[in-house]
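J.: Provided herewith is a single structure, encoded as structure tokens, for subsequent inquiry.
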DNA sequence: CCAAAAGTGTTCAATCTACACCCATGA
DNA sequence: TCATGGGTGTAGATTGAACACTTTTGG
């Protein structure tokens with residue numbers, strides 16, 4: 001990082017959010033309908049420019065998140081994902097976006113955005129498959145974000161961010177099954193999450209019942225890195241040499 | 001990502017590089033001595049502002065890499081790490097840096113920078129321990145980059161980027177040992193790297209000898225994601241509950 | 001033939017998977 | 001007392017760490 005004689009060209013910074021949650025057992029992503037002109041009327045990730053003077057990037061992400069979900073920041077996991085800065089990605093000029101991943105516990109159905117024309121939860125599958133078109137390079141960003149979440153479930157405590165403050169192990173399992181799109185053995189899942197010490201810790205003597213034996217309640221533990229990790233079942237190897245092309 | 005009435009504040013974008021290589025069996029990082037005024041004379045990561053008109057971020061990283069190492073881009077692994085944009089990180093104003101991780105095969109000793117006053121390979125340990133002070137928030141960036149490389153060796157083929165086009169399994173093992181700072185069993189390492197199909201593939205009938213039986217030569221295979229992964233030995237658990245504090 | 005480094009076989013323990021089984025509650 | 005989901009035990013397969021041993025070269 002050193003200066004040169006020429007003065008460097010400034011760019012515009014935006015913050016875009018991949019906000020994920022679970023709804024009726026399926027992974028959903030929050031999208032807004034654009035009210036302004038580049039891509040007006042098309043679905044896009046929530047986000048916006050950095051505020052006037054010296055707003056921190058992470059603060060801007062939090063601000064946008066609250067504008068869209070009206071959720072107490074404390075319950076939401078928020079982390080930086082990557083930068084998307086291709087010169088052609090925004091017709092308005094050189095706009096560089098810092099993408100963030102946010103995970104929220106299940107929210108009430110319709111989220112009327114304060115800012116955007118309209119905001120809605122869309123099944124993640126519809127975005128991954130390309131069924132829903134997105135503005136800018138947002139499909140790419142959303143795909144990257146979802147993939148990031150998938151792998152991070154394995155070795156981090158990210159899954160608890162999908163639950164409320166307290167949750168049962170069965171609820172936690174639903175998170176894994178929804179995000180990974182696979183079924184897991186309930187009984188082995190039990191032991192695995194408990195084997196990762198510090199992942200979840202018992203919460204009071206409370207229980208919650210849905211027809212059978214009441215389940216113990218847990219809350220997120222102090223550890224964010226899981227050991228041993230929860231391994232994702234390998235896809236069933238479709239007769240090919242391995243699992244299709246690579247690199 | 002939607003517009004507002006006010007016009008957004010532009011920021012300056014830089015690209016900073018964490019360039020790692022192996023030298024005499026130890027992990028080294030390339031640092032330059034700053035010739036310009038903020039932090040003049042202090043060590044810093046190689047990097048610089050984006051070029052005049054619409055240079056792509058990745059292109060800028062490649063450009064800076066070549067200026068510093070004069071290495072054919074094709075042999076170097078280069079990927080984006082993260083964005084560092086805290087408002088106080090650069091005394092010149094709002095400068096946002098896109099950090100990159102570069103891995104290069106061992107290079108000839110002195111790398112006389114074209115741009116910087118001086119460039120030198122510094123043992124990674126000296127940076128991690130804080131023994132060497134770095135300009136800006138570059139120690140943080142370097143630390144993050146090294147940690148990123150460490151974990152990525154486990155599940156990706158990143159290690160081959162430290163070797164030349166062809167390498168022996170013993171050389172590959174040295175990479176793991178140097179980056180992780182642990183000793184590995186040669187014989188089990190053999191089977192593990194070969195079990196991860198597509199990681200390394202035999203290169204011709206060539207062999208290379210250093211005193212004993214000649215070793216087979218390999219080159220990087222098509223797969224970038226390793227399955228099964230090479231797991232890093234857990235640190236010996238120092239009698240504490242687990243491995244020290246967390247979160 | 002000896003030293004040195006490459007590569008193979010084998011053992012024993014830890015782990016994982018699959019599934020049988022018991023437990024606690026509401027109706 | 002039955003249905004329903006929560007939670008535990010356990011046998012067999014798979015994997016992993018440790019280490020003896022064989023192979024191939026140069027001196």
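Residue numbers (the UniProt record's numbering), protein chains in the order written: chain V, 1 to 247; chain D, 1 to 247. Where a beta carbon is used, it is the ideal one built from N, C-alpha and C, also for glycine.
So, does the CB of residue 148 of chain D fall closer than 9 Å to a CB anywhere in chain V?
T.: The residue you call residue 148 of chain D lines up with position 148 of the second chain. It does not; no Cβ of chain V falls within 9 Å.
J.: When you compare the CB of residue 156 of chain D with every CB in chain V, is at least one pair closer than 9 Å?
T.: Here residue 156 of chain D is taken as the residue at index 156 of the second chain, counted from 1. By this cut-off, residue 156 of chain D is not an interface position.
J.: Could you tell me which residues DSSP puts in a beta bridge with residue 99 of chain V?
T.: Along the first chain, one-based indexing puts residue 99 of chain V at 99. Its beta-bridge partners are V:16, V:82.
J.: Which chain V residues are close to residue 54 of chain D, counting only those with a beta carbon under 7 Å from its beta carbon?
T.: Sequence index remark: in the second chain, residue 54 of chain D carries index 54 (1-based). Neighbours of residue 54 of chain D on chain V, chain order: 87, 94.
J.: So the candidates are V:12, V:19, V:13; which of them puts its Cα closest to the Cα of residue 144 of chain V?
T.: Residue mapping note: residue 144 of chain V aligns to position 144 of the first chain, counting from 1. Here the closest residue by C-alpha is V:19.
J.: Using the beta-carbon count (16 or more within 10 Å), is residue 201 of chain V buried or exposed?
T.: Locating residue 201 of chain V in the first chain gives position 201, where the first residue counts as 1. Exposed, since its Cβ has fewer than 16 Cβ neighbours within 10 Å.
J.: When the cut-off is 9 Å and only beta carbons count, does residue 19 of chain V lie next to chain D?
T.: Along the first chain, one-based indexing puts residue 19 of chain V at 19. Answer no: the Cβ-Cβ gap between residue 19 of chain V and chain D never drops below 9 Å.
J.: Within 10 angstroms of the Cβ of residue 37 of chain D, are there 16 or more other Cβ atoms? Answer buried if so, exposed if not.
T.: Position 37 of the second chain, counted from the start, is the residue given in the question as residue 37 of chain D. That one is exposed.
J.: Quick one: is residue 129 of chain V buried, meaning 16 or more other Cβ sit within 10 Å of its Cβ, or exposed?
T.: As a working note, residue 129 of chain V is residue 129 in the first chain. With fewer than 16 Cβ atoms within 10 Å of its Cβ, residue 129 of chain V is classed as exposed.
J.: Check for me: the alpha helix (DSSP H) holding residue 189 of chain D runs from which residue to which?
T.: Here residue 189 of chain D refers to the residue found at position 189 of the second chain. 186-195 is the span of the alpha helix (DSSP H), which, as asked, contains residue 189 of chain D.
J.: Leaving aside the five residues before and after residue 203 of chain D along the sequence, list all residues of the same chain whose C-beta is less than 6 Å from its C-beta, in chain order.
T.: Locating residue 203 of chain D in the second chain gives position 203, counting from the first residue. Only 166, 217, 218, 219 meet the Cβ criterion.
J.: Does DSSP put residue 76 of chain V in a helix, a strand or coil?
T.: Looking up residue 76 of chain V in the first chain gives position 76. In the structure shown, residue 76 of chain V sits in coil (DSSP, three-state: anything other than H, G, I, E or B).
J.: Let me know the secondary structure DSSP gives residue 136 of chain D once reduced to three states.
T.: Start at 1 with the first residue of the second chain, and residue 136 of chain D comes out as number 136. Three-state DSSP puts residue 136 of chain D in coil, outside helix and strand.
J.: Below 8 Å, how does it come out for the segment 54-65 of chain V and the segment 8-23 of chain V: are there three or more Cβ pairs, yes or no?
T.: Contact holds: three or more Cβ-Cβ distances are below 8 Å.
J.: Taking the straight line between their C-alpha atoms, what separation do you get for residue 8 of chain V and residue 123 of chain D?
T.: Along the first chain, read from residue 1 onward, the residue named residue 8 of chain V stands at position 8. Along the second chain, read from residue 1 onward, the residue named residue 123 of chain D stands at position 123. Their Cα atoms are separated by approximately 32 Å.
J.: Name, please, each residue of chain V whose Cβ falls closer than 7 Å to the Cβ of residue 82 of chain D.
T.: Reading the second chain from its first residue, position 82 is the one you call residue 82 of chain D. Chain V residues near residue 82 of chain D: 80.
J.: Which two residues bound the contiguous alpha helix (DSSP H) that contains residue 59 of chain V?
T.: The sequence position of residue 59 of chain V within the first chain is 59, counting from 1. Per DSSP, residue 59 of chain V belongs to the alpha helix (DSSP H) from 57-69.
J.: Residue 217 of chain D lies in the beta strand (DSSP E); which residues open and close that run?
T.: Stepping through the second chain from its first residue, residue 217 of chain D is reached at position 217. Taken as a continuous stretch (DSSP letters only), the beta strand (DSSP E) holding residue 217 of chain D covers 215-220.
J.: Chain V partners of residue 12 of chain D, CB-CB under 7 Å?
T.: For the purposes of this step, residue 12 of chain D is identified with residue 12 of the second chain, where counting begins at 1. Per Cβ cutoff of 7 Å: 8, 10.
J.: Are there 16 or more other CB atoms within 10 angstroms of the CB of residue 34 of chain V, so buried, or fewer, so exposed?
T.: Locating residue 34 of chain V in the first chain gives position 34, where the first residue counts as 1. Counting Cβ neighbours within 10 Å, residue 34 of chain V comes out buried, since at least 16 surround it.
J.: Are the CB atoms of residue 180 of chain V and residue 158 of chain V within a distance shorter than 9 Å?
T.: Residue mapping note: residue 158 of chain V aligns to position 158 of the first chain, counting from 1. Residue mapping note: residue 180 of chain V aligns to position 180 of the first chain, counting from 1. It is not a contact, given that the beta carbons lie outside the stated cut-off.
J.: Taking residue 77 of chain V as the reference, give the member of V:156, V:135, V:212, V:209 with the closest Cα.
T.: In the first chain, counting from the first residue as 1, residue 77 of chain V sits at position 77. Selected option, being the one with the closest Cα: V:156.
J.: What does the Cβ neighbour count give for residue 46 of chain D, buried or exposed, with the cut at 16 atoms within 10 Å?
T.: To locate residue 46 of chain D, count along the second chain from 1; it is residue 46. So residue 46 of chain D ends up on the buried side.
J.: By the three-class DSSP mapping on this structure, what secondary structure does residue 50 of chain D have?
T.: By 1-based counting over the second chain, the position of residue 50 of chain D is 50. Reduced to three states, the DSSP call for residue 50 of chain D is coil.
J.: Do residue 79 of chain D and residue 86 of chain V have their C-beta atoms closer together than 9 Å?
T.: Here residue 79 of chain D corresponds to residue number 79 of the second chain, with the count starting at 1. Here residue 86 of chain V corresponds to residue number 86 of the first chain, with the count starting at 1. Cβ distance not < 9 Å, so residue 79 of chain D and residue 86 of chain V don't count as in contact.
J.: For the alpha helix (DSSP H) containing residue 225 of chain V, name the first residue and the last one.
T.: Position 225 of the first chain, counting from 1, holds the residue named residue 225 of chain V. From DSSP, residue 225 of chain V is part of no alpha helix (DSSP H); its letter is neither H nor E.
J.: Would you list the residues sitting across from residue 30 of chain D in a DSSP beta bridge?
T.: Here residue 30 of chain D refers to the residue found at position 30 when the second chain is read from its first residue. Residue 30 of chain D is bridged to D:121.
J.: Taking 8 Å as the cut-off, does the segment 222-237 of chain V touch the segment 64-71 of chain D (at least 3 CB pairs, one atom from each stretch)?
T.: Flag = no, the segment 64-71 of chain D and the segment 222-237 of chain V do not touch.
J.: Taking residue 98 of chain V as the query, report the chain D residues whose CB atoms sit under 8 Å from its CB, ordered along the chain.
T.: If you number the first chain from 1, residue 98 of chain V lands on position 98. Within chain D, the residues near residue 98 of chain V are 83, 85.
J.: Please classify residue 94 of chain D as buried or exposed, where buried requires at least 16 neighbouring CB atoms within 10 angstroms.
T.: The sequence position of residue 94 of chain D within the second chain is 94, counting from 1. Classification for residue 94 of chain D: buried.
J.: If you drop the 5 nearest sequence neighbours on each side, which residues of the same chain put their C-beta closer than 7 Å to that of residue 171 of chain D?
T.: For this step, residue 171 of chain D is matched to residue 171 along the second chain. The answer, listed in chain order, is 163.
J.: In chain D, which residues lie with their C-beta within 8 Å of the C-beta of residue 50 of chain V?
T.: As a working note, residue 50 of chain V is residue 50 in the first chain. Simply 8, 9, 11.
J.: Under 9 Å, do residue 226 of chain D and residue 178 of chain D count as touching if we go by C-beta distance?
T.: The residue labelled residue 226 of chain D in the question sits at position 226 within the second chain. The residue labelled residue 178 of chain D in the question sits at position 178 within the second chain. No, Cβ-Cβ distance for residue 226 of chain D and residue 178 of chain D is not below 9 Å.
J.: Does the beta carbon of residue 29 of chain V sit closer than 9 Å to a beta carbon anywhere in chain D?
T.: Your numbering for residue 29 of chain V matches position 29 in the first chain. For residue 29 of chain V, the answer is no, since every Cβ of chain D falls outside 9 Å of its Cβ.
J.: Between residue 104 of chain V and chain D, is the shortest Cβ-Cβ distance under 9 Å, so that the two count as touching?
T.: Residue mapping note: residue 104 of chain V aligns to position 104 of the first chain, counting from 1. Not closer than 9 Å to any Cβ of chain D, the Cβ of residue 104 of chain V fails to qualify, so no.
J.: The beta strand (DSSP E) with residue 183 of chain V in it runs from where to where?
T.: Against the first chain, residue 183 of chain V aligns to sequence position 183. From DSSP, residue 183 of chain V is part of no beta strand (DSSP E); its letter is neither H nor E.
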